[in-house]
RNA sequence: GGAGACGUCGCAUAGUUCGGCCUAGUGCACCACCCUGCUAAGGUGGAGAGGGGUUUAAACUCCUCCGUGGGUUCAAAUCCCACCGUCUCCGCCA
């Protein structure tokens, strides 16, 4: 939900934002009109209600013989109050529906346009080169006994897999490296629920345009989360936070589930695009004026993880039209995947400013004692997909893979993954 | 899954019998000040959330909120219905 105050004070800013996303601009004027109608009808209802309250006291205090006449009068008033209340409620619903469909106001220097209009902020690390024909991660995974796709498909269907042997160990090592990194930065680790109630799913903004991406369990009216961001954002819903000691930072570890509807035929090989994977997600609650600095810090921590894994990557500033509805800015980090000859997204970090917090009713107290929404940010610190880039980047001619230094302590000192005979 | 109890403004609790005197009382914790030459105790006052109006702002004022949503009524914390949640006992299963 955008800030209704901003809608009144600076509708032009909201129009600009919608424009750069390629979204409806007209909706802004509709929202302003709905806001006006809403406030007018609230005023009408409330003055009638005040009248009714006062009259009720007269009725209660009146002597018995007058009561009957007064009650008859009160009945008339009650009917008018009820009608006015209905009007006010409808106006409120109308406004919420319209304003709720306006996406978060994009930060000014975010590139306008769609998926291809991103801006590359930097490229870091030399791309791996080989004096042999490199194998892709699926082939390496099989050689090393690390990834068993055939059996994943047998058990659960396409886009499922088993991580096995060094593959299973590598994922755990990666997650633990990321967790230690997060702990060092003061994050509080959380292992989160992956089934959540509809209102939490809606509050985080995933039930809108992404709803067909989400697994739903009708028997229990619960959703399987595609990222622990959902549970992490819901964690403090309906709360007033104390941020005086600095941002509240959580590192959420969970399995993530995605239907990948509409991506049939895309990335079918290997574990690049799967229905289920693990992820360590950073989530922070900060004062709105600190959100942009925090966003830079999140990118920084992500970069240090990729560097620790010896990966070559670029950081992109995602264009407005490719942002989710909650995000005001998003940076993706994409790692070089040698056998694809291209960069693939390994992390994504979004600054949701106060948009998500307003929906979930997460506030802090200002110096004057008033409550106002916090800003929320999220970012990936590690996921299963990283195995793709790690295996392919560090492979050798014989199919073995050199373990990046930073991961060795988490693998009992193992330095090399070797092909199974 | 069965049976029962319960859900009140930070925490604890009163109020629900019999609808109007609840603008929800009290204790603890909290904040400010006063008093007592430390601490403790005591005194006075303040203090919840959301939303309208007005305003530069503050002050002021009105409406809503007693788990959530409906209903009955001139009037609901209180009566009725549904749902959610918590606790206790029993059963079943990891």
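Numbering (this note's numbering), first residue to last: 91 to 511.
The beta-carbon is built from N, C-alpha and C at its ideal position, and this holds for glycine as well.
Contact between the stretch 478-493 and the stretch 221-229 is defined here as three or more beta-carbon pairs at a separation below 8 Å; is this criterion met?
Taking a cut-off of 8 Å for Cβ pairs, the stretch 478-493 and the stretch 221-229 touch, as three or more such pairs fall below it.
Between residue 474 and residue 261, what straight-line distance do the alpha-carbon atoms span, to the nearest angstrom?
About 6 Å.
Taking 8 Å as the cut-off, does the stretch 398-410 touch the stretch 341-360 (at least 3 CB pairs, one atom from each stretch)?
No, they do not touch.
In the DSSP output, which residue or residues are listed as bridge partners for residue 152?
Checking the DSSP bridge columns, you'll see residue 152 has no partner listed.
For residue 249, count neighbouring Cβ atoms within 10 angstroms of its own Cβ and tell me buried if that reaches 16, exposed if not.
By the 10 Å Cβ count, residue 249 comes out buried.
Based on Cα-Cα distance, which residue from 382, 183, 156, 142 lies nearest to residue 171?
Among 382, 183, 156, 142, the Cα nearest to that of residue 171 belongs to 142.
Within a Cβ cutoff of 6 Å, which residues of the same chain sit near residue 209, ignoring the five residues on either side of it in sequence?
Cβ neighbours of residue 209 within its own chain (closer than 6 Å, five residues either side excluded): 201, 407.
Can you tell me which residues form a DSSP beta bridge with residue 468?
Answer is 373, 440, bridged to residue 468.
Between the stretch 389-397 and the stretch 182-189, can you find at least three pairs of beta-carbon atoms closer than 8 Å?
With the cut-off at 8 Å, the stretch 182-189 and the stretch 389-397 do not touch.
With a cut-off of 8 Å on the beta carbons, I'd call residue 413 and residue 424 a contact; round off their distance for me.
Contact check for residue 413 and residue 424: beta-carbon distance about 16 Å, past the 8 Å limit, so the pair fails to qualify.
Taking contact to mean at least 3 C-beta pairs separated by less than 8 Å, is the stretch 254-272 in contact with the stretch 289-306?
The answer is no - the stretch 289-306 does not touch the stretch 254-272, with fewer than three Cβ pairs under 8 Å.
Classify residue 345 as helix, strand or coil using the three-state DSSP reduction.
Correct three-state label for residue 345: strand.
Alpha carbon of residue 150 to alpha carbon of residue 124, nearest angstrom:
Roughly 39 Å between the two C-alpha positions.
Is any heavy atom in the ligand HEM found nearer than 6 Å to the beta carbon of residue 149?
The ligand HEM is absent from the structure shown, which contains no ligands of any kind.
Would residue 121 pass as a contact of residue 138 if the rule is Cβ separation under 7 Å?
Not a contact, by the Cβ cut-off of 7 Å.
DSSP three-state label for residue 488, please.
In this structure, residue 488 counts as coil in the three-state DSSP scheme.
Tell me the residue span of the alpha helix (DSSP H) that contains residue 197.
Neither: residue 197 is in no alpha helix (DSSP H) and is coded neither H nor E.
Where does the unbroken beta strand (DSSP E) through residue 213 begin, and where does it stop?
209-214 is the extent of the beta strand (DSSP E) around residue 213.
Between which two residues does the beta strand (DSSP E) containing residue 420 stretch?
Following the DSSP letters along the chain, one finds residue 420 inside the beta strand (DSSP E) bounded by residues 419-427.
Where residue 242 falls, given that 16 or more other Cβ within 10 Å makes a residue buried:
Buried.
Three-state secondary structure assigned by DSSP to residue 311
When DSSP states are grouped into helix, strand and coil, residue 311 belongs to the coil group.
Which residues share a DSSP beta bridge with residue 507?
In the DSSP secondary-structure assignment, residue 507 is bridged to 491.
Checking 7 Å against the spacing of the C-beta atoms, do residue 192 and residue 117 come in under that value?
Residue 117 is positioned such that its CB atom lies closer than 7 Å to that of residue 192.
Given residue 482, which residues of its chain have a CB within under 8 Å of its CB, disregarding the five upstream and five downstream residues?
The answer, listed in chain order, is 218, 224, 225, 226, 227, 230, 427, 428, 429.
Per DSSP, residue 280 forms a beta bridge with which residues?
DSSP output for residue 280 lists 342 as bridge partner(s).
Close Cβ partners of residue 493 (< 7 Å) along its chain, the five nearest in sequence each way excluded
Result list for residue 493: 501, 504, 505, 506, 507, in chain order.
Taking C-alpha atoms, which residue in 349, 372, 168 lies nearest to residue 337?
Just measuring C-alpha positions, the residue of 349, 372, 168 sitting nearest residue 337 is 372.
I'd like the ranges of any alpha helix (DSSP H) spanning at least 4 consecutive residues and lying wholly in the stretch 99-152.
Runs of alpha helix (DSSP H) with 4 or more residues, each lying fully within the stretch 99-152, are found at 101-111, 116-151, listed in chain order.
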